[in-house]
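A.B. asks:
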Amino acid sequence: MSAVIENHHDDHHHGPAKGLTRWLYTTNHKDIGTLYLWFSFAMFLIGGAMALVIRAELFQPGMQIVEPEFYNQMITLHGLIMIFGGVMPAFVGLANWLVPMMIGAPDMALPRMNNLSFWILPFAFFILLSSLFMDGGAPNFGWTFYAPLSTTYAPPSVTFFIFSVHIMGASSIMGAINVVVTIMNMRAPGVTLMKMPLFVWSWLITAYLLIAVMPVLAGAVTMMLMDIHFGTSFFNAAGGGDPVLFQHIFWFFGHPEVYIMILPAFGIVSHIIETFSRKQLFGYSSMVWAMLSIAILSFVVWAHHMFTVGLPLAAELFFMWATMLIAVPTGVKVFNWVATMFKGSLTFETPMLFAIAFVVLFTIGGLSGLMLAIVPADFQYHDTYFVVAHFHYVLVPGAIFSIMAAVYYWIPKWSGNMYDERLGKLHFWLSFIGVNVTFFPQHFIGLAGMPRRYPDYALQFADWNMVSSVGAFLFGVSQILFLFIVVKTVMGGKKATDQVWEGARGLEWTVASPAPYHTFTTPPKVD
Amino acid sequence: MSAQTYYVPEQSRFPIFMALSLFLLVMGASSTINNLDNPDSNSAYILYAGFISLFTTLFFWFRQVIKEHLAGLDSNQLKTSYVYGMAWFIFSEVMFFAAFFGALFYVRSFAVPWLSGEGENGVGISAIGLWEGFESSWPVMTTPDKGAEYALAEKSMAWPGWGHALEWLPLWNTIVLLSSSVTVHFAHIGLKNGDRKKFNRFLGITVGLALIFVGLQAAEYYEAYAHYGLTLNSGIYGSTFFMLTGFHGFHVMMGGFMLAVMLARSVFAGHFEDHDHFGFEAASWYWHFVDVVWVMLFLFVYIL
Numbered sequence: 414m415s416a417v418i419e420n421h422h423d424d425h426h427h428g429p430a431k432g433l434t435r436w437l438y439t440t441n442h443k444d445i446g447t448l449y450l451w452f453s454f455a456m457f458l459i460g461g462a463m464a465l466v467i468r469a470e471l472f473q474p475g476m477q478i479v480e481p482e483f484y485n486q487m488i489t490l491h492g493l494i495m496i497f498g499g500v501m502p503a504f505v506g507l508a509n510w511l512v513p514m515m516i517g518a519p520d521m522a523l524p525r526m527n528n529l530s531f532w533i534l535p536f537a538f539f540i541l542l543s544s545l546f547m548d549g550g551a552p553n554f555g556w557t558f559y560a561p562l563s564t565t566y567a568p569p570s571v572t573f574f575i576f577s578v579h580i581m582g583a584s585s586i587m588g589a590i591n592v593v594v595t596i597m598n599m600r601a602p603g604v605t606l607m608k609m610p611l612f613v614w615s616w617l618i619t620a621y622l623l624i625a626v627m628p629v630l631a632g633a634v635t636m637m638l639m640d641i642h643f644g645t646s647f648f649n650a651a652g653g654g655d656p657v658l659f660q661h662i663f664w665f666f667g668h669p670e671v672y673i674m675i676l677p678a679f680g681i682v683s684h685i686i687e688t689f690s691r692k693q694l695f696g697y698s699s700m701v702w703a704m705l706s707i708a709i710l711s712f713v714v715w716a717h718h719m720f721t722v723g724l725p726l727a728a729e730l731f732f733m734w735a736t737m738l739i740a741v742p743t744g745v746k747v748f749n750w751v752a753t754m755f756k757g758s759l760t761f762e763t764p765m766l767f768a769i770a771f772v773v774l775f776t777i778g779g780l781s782g783l784m785l786a787i788v789p790a791d792f793q794y795h796d797t798y799f800v801v802a803h804f805h806y807v808l809v810p811g812a813i814f815s816i817m818a819a820v821y822y823w824i825p826k827w828s829g830n831m832y833d834e835r836l837g838k839l840h841f842w843l844s845f846i847g848v849n850v851t852f853f854p855q856h857f858i859g860l861a862g863m864p865r866r867y868p869d870y871a872l873q874f875a876d877w878n879m880v881s882s883v884g885a886f887l888f889g890v891s892q893i894l895f896l897f898i899v900v901k902t903v904m905g906g907k908k909a910t911d912q913v914w915e916g917a918r919g920l921e922w923t924v925a926s927p928a929p930y931h932t933f934t935t936p937p938k939v940d
Numbered sequence: 010m011s012a013q014t015y016y017v018p019e020q021s022r023f024p025i026f027m028a029l030s031l032f033l034l035v036m037g038a039s040s041t042i043n044n045l046d047n048p049d050s051n052s053a054y055i056l057y058a059g060f061i062s063l064f065t066t067l068f069f070w071f072r073q074v075i076k077e078h079l080a081g082l083d084s085n086q087l088k089t090s091y092v093y094g095m096a097w098f099i100f101s102e103v104m105f106f107a108a109f110f111g112a113l114f115y116v117r118s119f120a121v122p123w124l125s126g127e128g129e130n131g132v133g134i135s136a137i138g139l140w141e142g143f144e145s146s147w148p149v150m151t152t153p154d155k156g157a158e159y160a161l162a163e164k165s166m167a168w169p170g171w172g173h174a175l176e177w178l179p180l181w182n183t184i185v186l187l188s189s190s191v192t193v194h195f196a197h198i199g200l201k202n203g204d205r206k207k208f209n210r211f212l213g214i215t216v217g218l219a220l221i222f223v224g225l226q227a228a229e230y231y232e233a234y235a236h237y238g239l240t241l242n243s244g245i246y247g248s249t250f251f252m253l254t255g256f257h258g259f260h261v262m263m264g265g266f267m268l269a270v271m272l273a274r275s276v277f278a279g280h281f282e283d284h285d286h287f288g289f290e291a292a293s294w295y296w297h298f299v300d301v302v303w304v305m306l307f308l309f310v311y312i313l
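Each protein sequence line maps, in turn, to chains E and A.
The working numbering applies: residue 414 is where the first sequence begins, and numbers increase by one.
The working numbering applies: residue 10 is where the second sequence begins, and numbers increase by one.
1. Is the CB-CB distance between L220/A and G265/A below 8 Å?
2. Could you pull out every residue in the same chain whose Cβ sits closer than 7 Å to the Cβ of P148/A, ignoring the five residues on either side in sequence?
3. Identify every residue that forms a DSSP beta bridge with E282/A.
4. So which residues on chain A does H795/E lean against when the C-beta distance must stay under 9 Å?
5. Within the continuous alpha helix (DSSP H) that includes G862/E, where are the two ends?
6. Measuring CB to CB, does L511/E end up less than 8 Å from E762/E?
7. Please determine if the stretch 767-777 of chain E and the stretch 803-815 of chain E are in contact, where contact requires at least 3 C-beta pairs separated by less than 8 Å.
8. For P937/E, which residues from the same chain have a beta carbon less than 8 Å from its beta carbon, with the 5 sequence-adjacent residues on both sides left out?
9. Report the option in F105/A, T215/A and I184/A whose CA atom is closest to the CA atom of M267/A.
10. Exposed or buried, which one is A291/A when buried takes at least 16 other CB atoms within 10 Å?
11. Counting contacts by CB-CB distance shorter than 8 Å, is A430/E in contact with chain A?
12. If you follow the alpha helix (DSSP H) that D640/E is part of, which residue opens it and which one closes it?
13. Check whether chain E comes within 8 Å of G279/A, counting only Cβ atoms and requiring the distance to be less than that.
14. Just to confirm the assignment, what range does the alpha helix (DSSP H) spanning A522/E have?
15. I need the boundaries of the alpha helix (DSSP H) containing F454/E, first residue and last residue.
16. Using three-state DSSP, classify Q477/E as helix, strand or coil.
17. Going along the chain, which unbroken runs of the alpha helix (DSSP H) with 4 or more residues stay wholly within the stretch 168-216 of chain A?
18. Would you say H642/E reaches chain A, if we count a Cβ-Cβ gap shorter than 8 Å as a contact?
19. Any idea which residues DSSP pairs K410/E with across the strands?
20. Can you confirm whether W532/E, when its beta carbon is compared against all beta carbons of chain A, has any partner nearer than 8 Å?
21. Smallest Cα separation from R918/E: which of Q693/E, K756/E, G653/E and H579/E?
22. Closest to Y91/A by CA distance: which of S39/A, I75/A and N130/A is it?
23. With burial defined as no fewer than 16 other Cβ atoms inside 10 Å of the residue's Cβ, what is the status of M476/E: buried or exposed?
24. Using a Cβ-Cβ distance cut-off of 8 Å, determine whether S62/A contacts chain D.
25. Identify whether T776/E lies in helix, strand or coil by the three-state DSSP scheme.
26. Between the stretch 486-493 of chain E and the stretch 438-453 of chain E, do at least 3 Cβ pairs fall closer than 8 Å?
27. Which chain A residues are close to M597/E, counting only those with a beta carbon under 8 Å from its beta carbon?
28. Taking 7 Å as the limit between beta carbons, can you name the residues of its chain near I685/E, skipping five residues before and five after?
29. Does the beta carbon of W97/A sit closer than 8 Å to a beta carbon anywhere in chain E?
30. Thinking just about the alpha-carbon of each residue, which of I846/E, T910/E, W734/E and W702/E is nearest to the one in F679/E?
31. Using a C-beta cutoff of 8 Å, does R600/E count as contacting chain A?
32. Please tell me whether T645/E has its Cβ less than 8 Å away from any Cβ of chain A.
33. Answer yes or no: do V629/E and F665/E have a C-beta to C-beta separation smaller than 8 Å?
34. Using a Cβ-Cβ distance under 8 Å, would G654/E count as near chain A?
35. With distances taken Cα to Cα, identify the nearest neighbour of T65/A among H78/A, L29/A, T41/A and L87/A.
36. Determine the DSSP secondary structure at T240/A, reduced to helix, strand or coil.
Shown next, in the form of structure tokens:
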């Protein structure tokens with residue numbers, strides 16, 4: 414027995430295996446994190462290309478480029494790919510890279526399951542994308558797949574969609590269990606809960622949300638499958654069911670899901686703002702409590718997506734007030750970020766630029782969300798481009814900017830090289846301008862009454878749609894620059910120091926750059 | 010606990026094989042389901058291949074984990090990770106059932122009454138002349154479309170009254186499953202006291218009770234389909250009844266299979282020590298979870 418144990422001692426000094434099997438069979442959290450991040454970037458480009466098809470069609474009124482049926486498939490796949498293939502795997506990739514290093518653990522708690530969680534995803538998205546080539550085309554009912562569009566009137570490929578969602582869900586649940594167990598069980602001695610870095614806290618809460626709601630999504634798609642193929646009537650009033658039931662179940666998953674896509678961003682931005690303000694983060698414990706309150710409230714606000722389906726008045730009022738309540742902890746967070754910067758010695762490297770843009774633009778998205786929470790106002794705004802503008806503001810300059818910020822901030826630690834600061838800033842400004850030119854005008858056309866999800870629109874919306882499309886192409890093309898910067902950094906560049914950033918705090922900055930293949934074979938000392 | 014003994018497993022082929030198996034499984038399932046009306050379709054073979062490779066991978070993966078454990082590679086910390094992991098997995102299963110219970114409560118409290126014209130929403134529905142003559146009740150034996158699209162059941166599975174209580178299978182199922190939770194606990198006590206005979210005997214009884222439960226459930230389904238006309242196609246009562254009890258029955262089979270594997274490990278390989286038996290403990294947690302779900306089902310699907 415002892416021989417086996419000694420062997421494994423030697424392994425810690427080994428580097429990664431050679432060749433393709435390194436990636437196929439790996440149990441290393443850094444390898445798996447890298448896989449997640451590259452996968453999510455590939456999905457980001459595919460989903461982004463679909464967004465550009467949408468914006469190209471909407472460049473002018475009238476039908477120009479694609480058939481309406483194909484347009485519907487594009488909006489559906491764009492949403493699904495960006496959410497389940499882009500944002501979520503990117504955050505899981507960051508968690509894989511960073512959580513073990515931040516808490517002083519040698520790896521994730523369950524390394525083989527970690528690899529499984531990743532490798533399900535390419536298969537799931539292969540199935541989803543292959544539906545484009547099936548009879549009747551890809552899913553065309555929007556990413557929210559409301560019944561009966563997704564049941565009675567769905568194309569045959571919906572069955573493939575349902576099962577790919579099932580395995581994506583399994584991947585997310587396993588990934589989340591791994592994160593929770595790692596954080597609960599693998600912290601180095603001295604890393605108490607209230608000393609954990611905020612990114613770790615944000616992921617602990619996110620993982621809890623994932624484990625709680627991904628099974629509910631599985632339940633929803635299972636009911637769809639049964640309604641479509643096996644004669645049940647969950648979502649069919651003729652049999653005593655209710656299509657609105659679908660919306661309730663979907664949004665019980667869907668609302669926590671949107672916080673799953675923003676809580677890790679809160680963690681990332683807190684670290685970056687702290688570092689480049691060269692000050693301790695303002696209000697650490699209130700940040701933790703704010704995230705916890707947001708997570709708990711996220712379970713009781715789902716019907717604010719459904720104000721126009723005919724809810725009883727009491728329900729409308731309850732969900733309106735509960736939703737508005739979320740503004741309080743969110744306000745605490747924004748206040749704390751600003752207070753951290755107040756009187757700090759600020760510098761504006763690329764990660765900081767993205768983080769500050771996050772605070773400003775996410776707040777805009779949050780405020781438009783507050784407008785949408787007001788029931789009578791929502792009767793007007795519901796399903797208009799105002800909603801599209803709102804959730805793209807929280808997802809693109811929110812979630813995605815935070816992911817980009819994280820990449821710039823930690824890539825010196827991952828690769829051992831500094832990125833090109835000049836190009837990074839160029840990428841930031843192009844993205845910043847692109848995002849705002851794309852989505853800000855959508856507030857105007859939405860308030861003026863343009864409905865979402867249509868390939869054509871009335872003439873009075875033409876000008877702002879054209880502006881929005883130009884912005885979208887600017888934003889899309891600038892991401893090629895991002896790819897170039899990342900590849901360039903990985904290939905070489907100025908060597909990074911271990912500390913990397915002058916104001917950086919945390920265990921990950923105490924190890925070498927690039928971080929060794931196995932970190933913390935003995936627990937680090939934390940006071 | 011010291012980090013020196015922490016064991017990061019070597020590279021492993023199992024995860025990628027597992028992912029591939031899941032891919033085959035869902036590709037096969039989707040194509041088979043889409044081709045149910047097509048007798049020439051051979052997509053079911055993909056499904057079978059998926060099942061076979063899934064079970065093979067699981068077998069070798071678990072065998073590897075057990076071997077590593079017996080070789081003393083697991084630190085206490087890793088054991089704790091398994092404990093937490095199992096607990097959170099069961100929580101995810103709870104949430105899966107929550108979706109179906111949520112659907113049940115929603116249709117019972119809102120959808121069915123509204124369809125019959127009750128409440129503000131119901132007034133709207135009847136004002137436009139939809140589903141006239143549909144009366145709200147639970148279990149609903151008619152459908153709003155009066156069976157135009159759905160087949161009407163003659164009889165429900167609800168509580169038949171004290172006079173017929175003893176012929177009522179769900180009551181027996183409840184007795185069987187609750188007893189099995191007790192016997193699995195006795196087995197646990199036996200193991201903790203180092204009494205392997207007692208462990209094997211009570212674990213064997215538990216697996217037997219699981220089989221009886223599944224058998225009774227099958228008899229109940231047969232009765233529903235053959236004599237009551239109650240099917241998946243009988244409107245929302247049939248939908249919720251079969252999906253809730255069906256998923257529960259599926260979990261009973263999984264839990265019973267896990268316990269049977271533990272029994273085989275103990276009988277044939279002499280696994281588990283009085284202080285070291287988390288494999289069994291995890292399976293028994295799962296079993297108690299399945300039991301609790303049944304109590305909820307018994308209350309909300311059968312009795313109330």
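Glycine included, C-beta positions come from ideal geometry on N, C-alpha and C.
No experiment lies behind these values; they were computed from the predicted model shown.
C.D. replies: In short:
1. yes
2. If we look at P148/A and ignore the five residues flanking it on each side, its Cβ neighbours are S165, A167 and Y246.
3. D285/A
4. In chain order: nothing, as chain A lies at least about 18 Å away.
5. Neither: G862/E is in no alpha helix (DSSP H) and is coded neither H nor E.
6. 8 Å or more divides the Cβ of L511/E from the Cβ of E762/E.
7. Yes, the stretch 767-777 of chain E is in contact with the stretch 803-815 of chain E.
8. G517, A601, L920 and T923
9. Out of F105/A, T215/A and I184/A, T215/A has the C-alpha closest to the C-alpha of M267/A.
10. buried
11. yes
12. L611 to H642
13. no
14. Neither: A522/E is in no alpha helix (DSSP H) and is coded neither H nor E.
15. H442 to E470
16. Three-state result, Q477/E: coil.
17. 178-201
18. yes
19. Chain E is shown only over 414 to 940; residue 410/E falls outside these bounds and no answer can be derived.
20. yes
21. When Q693/E, K756/E, G653/E and H579/E are compared, the shortest CA-CA separation from R918/E is found for Q693/E.
22. I75/A
23. exposed
24. The structure shown contains no chain D; the protein chains it does contain are E and A.
25. helix
26. no
27. Y93
28. P764, M765, A768, A818 and Y822
29. yes
30. W702/E
31. no
32. yes
33. In this structure, V629/E sits near F665/E, with a CB-CB distance shorter than 8 Å.
34. yes
35. If you compare the alpha carbons of H78/A, L29/A, T41/A and L87/A with that of T65/A, the shortest gap goes to L29/A.
36. Assignment of T240/A by DSSP, reduced to helix, strand and coil, places it in the coil class.
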